[in-house]
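Step one of this worksheet: look at the structure below.
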Amino acid sequence: QDEIQNNYENAGTKLLGENLPKGVTIGGYGQIDYNEPDGALPGNLDIHRLVLLFGYKFNDKVSFLTEVEYEHVKEVYVEQAYIKYKANENVNVLAGLMLVPMGIINEFHEPTTYYGVERPNVDKYIVPTTWRELGVGISGNINNASLKYQAYLFNGFKSYADGAGILRGSDGLRKGRQKGAESVINSPNFSAKLDYYGIMGLRVGLSGYFGKTQTDDSGIEASTVGVSMLGLDARYKYNNLELRGQYITTNLSDTDEYNTLTGKDLGSKLTGLYAEVAYNFDLKGVEKLTPFLRYEKHNTHADTAGSLIANKAYDRDELIFGLNYKVAEGAAFKVDYQLMNNAVYGSDAAKQFNAGVAIWF
Amino acid sequence: QDEIQNNYENAGTKLLGENLPKGVTIGGYGQIDYNEPDGALPGNLDIHRLVLLFGYKFNDKVSFLTEVEYEHVKEVYVEQAYIKYKANENVNVLAGLMLVPMGIINEFHEPTTYYGVERPNVDKYIVPTTWRELGVGISGNINNASLKYQAYLFNGFKSYADGAGILRGSDGLRKGRQKGAESVINSPNFSAKLDYYGIMGLRVGLSGYFGKTQTDDSGIEASTVGVSMLGLDARYKYNNLELRGQYITTNLSDTDEYNTLTGKDLGSKLTGLYAEVAYNFDLKGVEKLTPFLRYEKHNTHADTAGSLIANKAYDRDELIFGLNYKVAEGAAFKVDYQLMNNAVYGSDAAKQFNAGVAIWF
Amino acid sequence: QDEIQNNYENAGTKLLGENLPKGVTIGGYGQIDYNEPDGALPGNLDIHRLVLLFGYKFNDKVSFLTEVEYEHVKEVYVEQAYIKYKANENVNVLAGLMLVPMGIINEFHEPTTYYGVERPNVDKYIVPTTWRELGVGISGNINNASLKYQAYLFNGFKSYADGAGILRGSDGLRKGRQKGAESVINSPNFSAKLDYYGIMGLRVGLSGYFGKTQTDDSGIEASTVGVSMLGLDARYKYNNLELRGQYITTNLSDTDEYNTLTGKDLGSKLTGLYAEVAYNFDLKGVEKLTPFLRYEKHNTHADTAGSLIANKAYDRDELIFGLNYKVAEGAAFKVDYQLMNNAVYGSDAAKQFNAGVAIWF
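Chains as they are written, first to last, in the working numbering: chain A, 1 to 361; chain C, 362 to 722; chain L, 723 to 1083.
What follows is the structure, encoded as structure tokens:
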């Protein structure tokens, strides 16, 4: 069935699997990074993230998942915490802190599921991975149409608090994530994703997210902006070849008024894409050596409203290539090299060497 | 035996159960809250608490329990951590960070064990739930008298540190909880509870707590106050009907001198009570729909010493009614409506709608 | 085999043991302390540390261990996180956040493995326990020579950041531990240990650590110092008698320039030793009562460079004696009394009573 559905697992599907017995399941993932920028700056060694996951199956219909993340050794976040109620074979009702389905990485962010030491930057600047909010929704499969569907009402980004704006041009919506922590809600946002898995080896996704940002002063209309995000992604496997790509475009409305109120430089359009090719060389046993190449392009000032002039430093592209040495299902050593550029005239490409350990169980 | 003893479980009794094998046991509980105050204020969505519990049975006599709590997504507390030594069938010796047995909720605070999205407010303002301190004690059952007993020496509340007072009128002893974190001790306090379970369906508890607060400057006598707390609680089940109630009264001595020294407004008497009625409608399988109604009244200025005039804003009552939809043993969806009032002349009742998810495993 | 190798377990060897099946293993340890200094100061009660450990065996060759520590109830640290790759019977390759093998306690810091409520102070001031850094290394046994070997490249101490020095006379290298948290690296340090277990009941260790400290401004040569540390340790069991001792000596180079640049008082030589004797009285079952006596001497100003005059307050010794009441494998109650002295003329010995609970599973 996995092959028919061109399935990809994440921690949630793994720990709440249908065939598991009643009781506790435990998982975890982690990535340890070494980043060495070209030039005089010292290198950086970091336990970037270490995550523990706990699932519990109450009975055949009701289960719960939580993800507890330790970042940089000493910061803790509950990143997922939701209850899943299986209404029937094709419909699950979900409620709690969940991942917003947009693009590939936000839902599949376990470090052995992608290539490169760090996550793609499109999934940092345009999709603010790990993007999770409190909400309710439904999900399920329509197998005779080879479709998986997800639809949610989520709490939105916070754009304004304590008399000041939160969102900005350099990373768009990223600072507005409320993460389920004493979050403010005025109006829920709608999120949905359709995955089509009807062609052998291929999985294509179409994501949408629509709504408004949240504010702690709903009397000030200009303190919120409208959000409309669309994403298209594809993953393809053919023998030892793996191809991936995604395109994300976000339109923000009323940014002119928002920027005037807050003095911020939030763009009105944000776009990003990447394309990746990888080839698996089989070594002994389950070990695999996988060279890969990825090109990314993203711009948080793809358009700006009113008198705001687009900042070319936010128009970035990036080439990354490297090796993934998988030593077990769920364990890999990684090295790669990044060339990062922006559209500012005469700016040099920044270069960085990365190496890391990635685990997921 | 459960029915004979009119037993109620909490995480500790569940994870350290007599019949469990040697080794690790894992549990957890959590509550996700949506609070919508009446009026212009925005709603609040929060992972209020997410808790993981780990028990370990070393051998037939010695076991250990710990509870690690994540509040509001990113604050962490070790809330319980104690060793239990079974001296004989009727006597357990306990040492470590433990729950003070006072009223119902402090010991039974797992969110699927009570009705309403939030815990009763008597168990916030009068019993400072979750009230846990480091201590040593004994517990056990005297089955032929249908009694459970508990008796402890606990570290007390901290009332004074770095030249300033800590306790105050609005929430009495709550700010003084030391929680086992590099806590200061001058003199231990005594805590005990007796539970009588000799009548079918009924469990009645009588709790007492006596001692003095702690100070980091024991040379200043006025920096401490005496504490004497009494609690009476009852839980009754008859077919699908559930009744609960508790009454707590606290006398604090030397508050006049304490308030003079520190400029605080700590009351000399704190009282609180609640009564609750709930009725379980059986749905399919284990599912139950339970409407409930609870009335609470509590006053942290039930009396004041010296020239301190009682603040009527601290004389509060509350009516709360709602629905509990239990979808599995240990999982429920909740909605309720709260009407909160105080004794200030002409003050309006504050109203709030709450909805939430509660899990415990 | 354990007896032949005079083996001592720690959490890592326990959770990644060769004979364990594929999957998750869980462990934990904790210590709850009561410290009562002689004199007017109030006592201290603290959940000093509570630790959870998770191991995962991916397959016969690859495993992962992590240790998550909660200190003083509300601080969290990932203290270990490494992948272990078994290249062959005698060689393991390790990478990640690991314990530096120096002396006894840093590698064997679970509170039921040592006597006394607190860890020896030599293992605080001279060996900065818990000393862990990111690195890569190898380990294994050469059984026909009765040797265990370990060799690593670790990230070093950070001596300089944001224009200021970090290391100081009172505790030497301790403040410089980077702990794998967004740590700065200029040059790796070398660490190795050899353990000889060829004589019944005896285990002798020789540790070395050599390198330079790290700086965020490698253009300032005086911002780093050279580090050269040697340790000798021995553990001996004969019937119910247990003997332990260790000697550590550290030479720091270029401290004169470092102190001139930063205004610090870092010593150029740090030394420490302790010797301990304990005797186990067998009680019923696995219970044991163990009186012990330990003498410690350590000096973080054993020598100083340039014009820096040695501070005699850093030349400390200590006598500690007490009782360990083991109630189960992995659970003990402890009491002891400490007499602490320093070389300042006319200074009084500080005295402290300690009691505690220690668990490890």
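Glycine is no exception: its CB is placed at the ideal position from the N, C-alpha and C atoms.
Computed from a prediction, not measured in an experiment: that's the story for all the values here.
Following the DSSP letters along the chain, one finds Glu-832 (chain L) in no beta strand (DSSP E), marked with neither H nor E. Contacts between Asn-186 (chain A) and chain C, judged by CB atoms closer than 8 Å, involve Pro-403 and Gly-404 in chain order.
Within the segment 418-446 of chain C, the residues whose Cβ lies closer than 7 Å to any Cβ of chain A are, in chain order, Tyr-431, His-433, Val-434, Lys-435 and Val-437. Residue pairing by DSSP places His-298 (chain A) opposite A:Gly-272 and A:Arg-316 in a beta bridge.
Interface criterion not met: the Cβ of Val-813 (chain L) is under 8 Å from no Cβ in chain A. Non-local C-beta neighbours of Leu-273 (chain A) in its own chain, meaning closer than 6 Å and more than five positions away in sequence, comprise Tyr-247 and Lys-297, ordered along the chain. Linking Tyr-279 (chain A) to Thr-982 (chain L) through their CA atoms gives a straight-line distance of about 55 Å. In this structure, the beta-carbon distance from Arg-854 (chain L) to Met-824 (chain L) does not fall below 8 Å.
Of all residues in the segment 1033-1053 of chain L, those with a C-beta nearer than 9 Å to a C-beta of chain C are Val-1049, Ala-1050, Glu-1051, Gly-1052 and Ala-1053, reading in chain order. Counting only Cβ-Cβ distances below 7 Å, Leu-411 (chain C) has contacts in chain A at Thr-66, Val-78 and Ala-81, in chain order. Taking a C-beta cut-off of 9 Å against chain A, the contacting residues of the segment 842-857 of chain L are Glu-855, Leu-856 and Gly-857, listed in chain order.
Of all alpha-carbon atoms in L:Asp-1037, L:Asp-978 and L:Gln-802, the one lying nearest the alpha-carbon of Ala-903 (chain L) is that of L:Gln-802. Not flagged as an interface residue toward chain A: Gly-752 (chain L), since no C-beta distance is shorter than 8 Å. Per DSSP, the beta bridge partners of Ile-387 (chain C) are C:Phe-415.
Between Phe-682 (chain C) and Arg-203 (chain A), the alpha-carbon positions lie close to 48 Å from each other.
Against chain A, a Cβ distance below 7 Å from Asn-877 (chain L) picks out Leu-45. Remark: C-beta atoms of Glu-1051 (chain L) and Val-1008 (chain L) approach each other more closely than 8 Å.
For the segment 700-714 of chain C, there are no residues whose beta carbon sits under 7 Å from a beta carbon of chain A. Taking 8 Å as the threshold, the shortest C-beta distance from Val-335 (chain A) to chain L does not fall below it.
Residue state for Tyr-847 (chain L) is assigned as helix, using DSSP reduced to three classes. Scanning C:Asn-550, C:Arg-529, C:Tyr-475 and C:Thr-623 for the CA closest to the CA of Leu-604 (chain C) turns up C:Tyr-475.
Using a 10 angstroms sphere on the CB of Leu-767 (chain L), the tally of other CB atoms reaches 16 or more, which defines it as buried.
For Glu-543 (chain C), the residues of chain L that pass the 7 Å Cβ criterion are Asn-766, Asp-768 and His-794, in the order they occur in the chain. For Ala-40 (chain A), there is no enclosing beta strand (DSSP E), as DSSP gives it neither H nor E.
Here Asn-828 (chain L) is buried, its C-beta having at least 16 other C-beta atoms within 10 Å. Within chain L, not a single residue places a beta-carbon under 7 Å from that of Ile-105 (chain A); the smallest gap is close to 22 Å. Phe-1083 (chain L) has a beta carbon lying within less than 8 Å of a beta carbon in chain C.
A Cβ of chain C is located within less than 8 Å of the beta carbon of Val-1079 (chain L). Straight-line spacing of the CA atoms in Asn-121 (chain A) and Asn-354 (chain A) works out to 14 Å. Using a CB distance below 7 Å, no part of the segment 956-970 of chain L faces chain C. In the three-state scheme derived from DSSP, where H, G and I count as helix and E and B as strand, Tyr-258 (chain A) is classed as helix. Residues Leu-875 of the same chain have their beta carbon placed closer than 6 Å to that of Pro-910 (chain L), with the five preceding and five following residues left out of the count. Look at the segment 11-30 of chain A: the residues with a C-beta under 7 Å from a C-beta of chain L are Ile-26, Gly-28 and Gly-30. Scanning chain L for C-beta atoms nearer than 9 Å to the C-beta of Ala-456 (chain C) yields Ile-754, Phe-1055 and Val-1079, reported in chain order.
In chain order, Phe-157, Lys-158, Ser-159, Ile-166, Leu-167 and Thr-213 place their CB closer than 7 Å to the CB of Gly-176 (chain A), counting only its own chain and leaving out the 5 sequence neighbours on each side.
The Cβ neighbour count for Asn-757 (chain L), taken over all protein chains shown within 10 Å, is at least 16; the residue is labelled buried.
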